[in-house]
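Reading through the structure tokens given below for one structure.
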Amino acid sequence: MENATLTRTEFDEKALLDPLQYAMASRDADVMNLVGDALDAQRARLAFHPIVTADAEPRTAFYEGLVRLMDDAGRIIPAAHFMPLVEETGFGRQIDCITLALALNTLKQNPQIRLSVNLSARSIGDGEWRRILDDGLRDRDSLGDRLIFEISETSAMMLHENVIRFMAEMQPKGVAFALDGFGAGMTAFRYLKDFFFDLVKIDKSFIKGIQNDPDNQVLAEALITVAHQFEMFAIADGVESEDEAAFLRRLGVDCLQGYHYGVPKFTL
20 MENATLTRTE FDEKALLDPL QYAMASRDAD VMNLVGDALD AQRARLAFHP
70 IVTADAEPRT AFYEGLVRLM DDAGRIIPAA HFMPLVEETG FGRQIDCITL
120 ALALNTLKQN PQIRLSVNLS ARSIGDGEWR RILDDGLRDR DSLGDRLIFE
170 ISETSAMMLH ENVIRFMAEM QPKGVAFALD GFGAGMTAFR YLKDFFFDLV
220 KIDKSFIKGI QNDPDNQVLA EALITVAHQF EMFAIADGVE SEDEAAFLRR
270 LGVDCLQGYH YGVPKFTL
């Protein structure tokens, strides 16, 4: 991150010592400027990715809301280019707040849908983020019943006591929780009973080409079994073909998400 805020003199010194490092730092600085400009100009929107039931005729169960930042020409700034740079910065906290505000507004305007958004451990302790959440849930019938927070295994375990307290606080408001990247991260099965997850999203690394991968077949089936044992819905993430979807249905998965069912769109 410090490379992204180098002065021009420091840039010149880096160029003399390491041209590649200089080029990377310059690129990161440009990306950070784009992100800052987009946030200042409120050029942020949610793209909606459907999660469908694993029925023979899939129906949309809910949508995942993915934040998108645009440059001044209306082009999307790829999240992969800036999220690793901003996650632990003020920009990261701004993005968390904007994402939540957009999600709550979407639920208010579309009472027929359920929506999930990503939640990081840092959000729970951020005063502005909590204010947005509390204001959004206050005096709005059933809005909390349609909100789902997705927490990665890494975030869940990083501050697990804080996450557990927050989940207990949100349960009476109807808010649901999904464990993202299930099976690929740090969550030991013995900790699952301490959390209040309603859903798990099986990591896409177990899904790709599953119909031809005996190892992933065994692992995915085990993860689905564990989820059902703890009374959680199991969602297969990263489904890209009907062959994958058909095999996952036979394993008993509850919902499916992936490009096979569409790309994230700005319209519902």
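Under this note's numbering, the first residue of the sequence shown carries the number 20, and numbering increases by one thereafter.
Backbone N, C-alpha and C define an ideal beta-carbon position, used for all residues, glycine too.
Please read these numbers as outputs of a predicted model, since none were measured by experiment.
In whole angstroms, what separates the C-alpha of residue i from that of residue j?
i	j	result
G55	F110	7 Å
R268	D164	27 Å
R184	A92	43 Å
I151	I132	20 Å
Q236	H247	17 Å
A23	S161	Its pLDDT being 47, under 50, A23 is placed unreliably by the model, and the measurement read from it follows with that caveat. Using only the alpha carbons, I get a separation of about 43 Å.
H179	T173	10 Å
S224	G155	35 Å
A187	I254	23 Å
S171	V136	11 Å
F266	G228	10 Å
Y41	Q113	Residue placement at Y41 is poorly supported in this model, since its pLDDT is 47, which falls under 50; the coordinates still yield a value, given next. Rounded to whole angstroms, Y41 to Q113 spans 28 Å at the Cα level.
T79	M51	36 Å
G271	A264	11 Å
Y82	D49	32 Å
K192	D158	11 Å
Starting from residue i, follow its DSSP beta bridges and name the residues at the other end.
i	result
N137	E169
M89	I95
F201	I221
D276	Checking the sequence, you will find Gln at residue 276 rather than Asp. Note: Q276 sits in a beta bridge opposite I70, D256.
G84	F67
T79	V71
K284	F67
F196	F168
Under 8 Å between the Cβ atoms of residue i and residue j?
i	j	result
G277	D256	yes
D234	K220	no
D222	M251	no
I167	A195	yes
M102	A57	no
L121	W148	no
L287	F67	yes
I226	V258	yes
I117	A63	yes
K212	F249	yes
Secondary structure, beta strand (DSSP E): runs of 3+ residues fully inside the segment 158 to 183: 166 to 171
Quick check: the segment 90 to 108 against the segment 70 to 79, are there 3 or more CB pairs under 8 Å? no
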